[in-house]
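Residue 333 in my numbering is what sits at position 184 of the sequence shown, and the numbering runs on without skipping anything.
Everything below concerns the one structure shown next.
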Amino acid sequence: SSRLSLSASHHQSAPQVNPCCFGAMAEKASLLDTDPEKPADGAEAVEQRRKKTHLMYCGLMAVYVFGGMIFYYVIEGWVPWESLVFILSILTGVGYGHLIPDNSVGKVFTAFYILAGLVLFASIAGQILEAIMSIEISAVMETLKAQQDGVDEDPDIGYRKSQRIDKRWQFLVGCTNLAGLSFLAILVFKFYFGEELVEAIYLASVSVLKLDSVCLLEGVKCSHGWHSSEGGSSVWLAFAIFWYILTYGVIGHFLVSASNYLGVDPQVSVSKIRKMSVKRLMRMDENNDGKVSRLEFLRDRLVQDGLVSQEAVDAILKNFDSLDKDGNGALCVKDIKAS
C-alpha cells in the first residue's frame, strides 16, 4: 500500500493546463465578445429560478384574490370588503360561516375555490420552507469559508453552533410576538369591547391562535348575522381583514420557529476527517488508481455528509462528459466550437 497517497494540502503546484487549450487561449477574448449567450448557472441560476417562482406565486395569489372578488361581486353582489373577508376566511381556514354565498352558482364555485386555496397555500408554504433551506445552505457555505480562511474550528461544530443561535433567536422572537399580540388583544377586548377579563382572555386566545374568527365578537359586525349573505359595516370588515393578516403572520412565524427549535434536528452535518484509513481511502478512490485526488475527496465528503446525493454527483459528471466533446477530461474553446 506504499503506492497509496493522499494530497491533503491546499498548496499544490502550479495548475497544469491541458494541451487542447493552449491554441485556444488567444481566441477567448473574441469569443466572449461575440457570444450572445450569457449563461447563468450555479447559485445565480438557482436564485433566478427562485425569483421567478416567487413572482409566479405572487401572481397566482393576486389572480386568486382579485378573481374571487370579481366573481362574488358579479354573482353575490358583494362589495370588495365583504369578498376579501370571505376569501381570507377561506385561506386562513377560520371564521367560515359569518358570511356565506346565497346563490347556487356561488356555492358550487366556492367548493372548488376552497380546494384551489388549499393547493395555493400549500405551494406558498413550500416556498417558505425552501427559503429557510437556502438560509441553512448559506450557513454551511459561510462556515466552510471561515475554515478556509484559517479559523481553527471544526466546520460541523461551527455550523451547528450558528444554527442553534439562529433557531433560538427566531423562537424567542416568535414567542415575544405571540405574547405581545395576545396581550394587545386582551386589552382591546377588555377595554374597547367591554368584555369581562376571563372572557377577554378566552376570546383573545381563540382569535389569535386561529381557532376562530374575530367576527365572533358581539361588537364586530362582519355580516348581518350567522350564515348571512350580506356583509356588515365597512369599518368592521376592514378591522377583520387587518386582524386576519396580523394574526396569521404572527402565528405562522411562531409555528415555524417553534418547530425548528423544538423539533428533531434533521440537518446534515459538515464533518472533518482527522485521520485517514485504508478502508476510507479505498472508498474514495473512484478510478482505482491507488490515489485520491482533491476531486475524489470532495465528491466523497459531499455524499457521505449528506450534502448531495450520489445520483446528483453522477448527473453533474455526466453533464460534464457530454460537454467534453474530445473526451480529454477538460473543457476548452475547442469543445465550444465542436458543440
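For every residue, glycine included, the Cβ atom is placed at its ideal position computed from N, Cα and C.
Everything numeric in this text was worked out from a predicted model, so none of it was measured.
Assigned secondary structure, V234 (DSSP; H/G/I helix, E/B strand, else coil) = V234 sits in a helix when the DSSP states are folded into three classes.
key: Per-residue DSSP class, three states only, for L346   = Helix, per DSSP.
ask   = If you run the structure through DSSP and keep just helix, strand and coil, what is L248?
value = Under the three-state reduction of DSSP, L248 is assigned to strand.
request  = With DSSP as the reference, label K201 as helix, strand or coil.
outcome  = In the structure shown, K201 sits in a helix (DSSP, three-state: H, G or I).
key: Other residues of its chain near N436: CB distance less than 7 Å, five sequence neighbours each side excluded   = No residues qualify anywhere along the chain.
task = Would you tell me roughly how many angstroms separate the C-alpha atoms of V337 and V384, rounded to the nearest one?
result = If you take the alpha carbons of V337 and V384, they lie about 16 Å apart.
message = Rounding to the nearest angstrom, what Cα-Cα distance links L480 and D473 in this structure?
response = Using only the alpha carbons, I get a separation of about 6 Å.
query = Rounded to whole angstroms, how far is the Cβ of D484 from the Cβ of D475, which I believe are closer than 8 Å?
reply = Rounded, the Cβ-Cβ distance is 7 Å, consistent with contact.
DSSP three-state assignment for V257, whether helix, strand or coil = Three-state DSSP puts V257 in a helix.
query = Could you give the distance in angstroms between the alpha-carbon of E345 and the alpha-carbon of L327?
reply = Each residue's Cα considered, the two are about 22 Å apart.
task = With DSSP as the reference, label V441 as helix, strand or coil.
result = The DSSP-derived three-state label of V441 is strand.
inquiry  = I'd like to check one pair, S408 with Q319: are the Cβ atoms closer than 7 Å?
reply    = Not a contact, by the Cβ cut-off of 7 Å.
Where W318 sits in the DSSP three-state scheme = It is helical.
request  = To the nearest angstrom, report how far apart D449 and M433 are at their CA atoms.
outcome  = Within the model, the alpha-carbon separation for D449 versus M433 is close to 6 Å.
ask   = So what's A479 in DSSP terms, helix, strand or just coil?
value = Three-state result, A479: coil.
inquiry  = Measuring CB atoms only, is the stretch 382 to 397 touching the stretch 228 to 241, in the sense that at least three cross pairs come out at less than 8 Å?
reply    = The stretch 382 to 397 makes contact with the stretch 228 to 241: 3 or more CB pairs, one atom from each, lie closer than 8 Å.
8 Å contact criterion, which F258 and F220 should meet: CB distance rounded = F258 to F220, Cβ: 6 Å. Contact.
query = alpha helix (DSSP H) containing K467: first to last residue?
reply = Start and end: Q459 to L472.
ask   = Are there 16 or more other CB atoms within 10 angstroms of the CB of A464, so buried, or fewer, so exposed?
value = With fewer than 16 Cβ atoms within 10 Å of its Cβ, A464 is classed as exposed.
request  = Tell me whether I263 is buried or exposed, calling it buried when 16 or more other Cβ atoms sit within 10 Å of its Cβ.
outcome  = I263 should be labelled exposed.
task = Identify whether D454 lies in helix, strand or coil by the three-state DSSP scheme.
result = Of the three classes helix, strand and coil, the one that applies to D454 here is coil, per DSSP.
inquiry  = Please report the distance separating the alpha-carbon of G208 from that of K486.
reply    = If you draw a straight line from the Cα of G208 to the Cα of K486, it comes to about 41 Å.
request  = Give the straight-line distance between the Cα atoms of G226 and L330, rounded to the nearest whole angstrom.
outcome  = Per the coordinates, the alpha-carbon of G226 lies some 34 Å from the alpha-carbon of L330.
task = Please state whether DSSP places N436 in a helix, a strand or coil.
result = Coil, per DSSP.
ask   = Out of curiosity, what's the CA-to-CA distance linking L430 and L447?
value = The alpha-carbon atoms of L430 and L447 are separated by roughly 13 Å.
inquiry  = I need the straight-line Cα distance from R313 to V322, nearest angstrom please.
reply    = If you take the alpha carbons of R313 and V322, they lie about 14 Å apart.
task = Could you check which residue in L386, V223 and I236 has the C-alpha nearest to that of F270?
result = Comparing C-alpha distances from F270 to each of L386, V223 and I236 shows the shortest one belongs to I236.
ask   = Rounded to a whole number of angstroms, what is the C-alpha to C-alpha distance between C170 and N477?
value = In this predicted model, C170 has a pLDDT of only 48, less than 50, meaning its place in the structure is not dependable enough to derive any value.
request  = May I ask you to report which of helix, strand or coil DSSP gives W392?
outcome  = Secondary structure at W392: helix, using DSSP grouped into helix, strand and coil.
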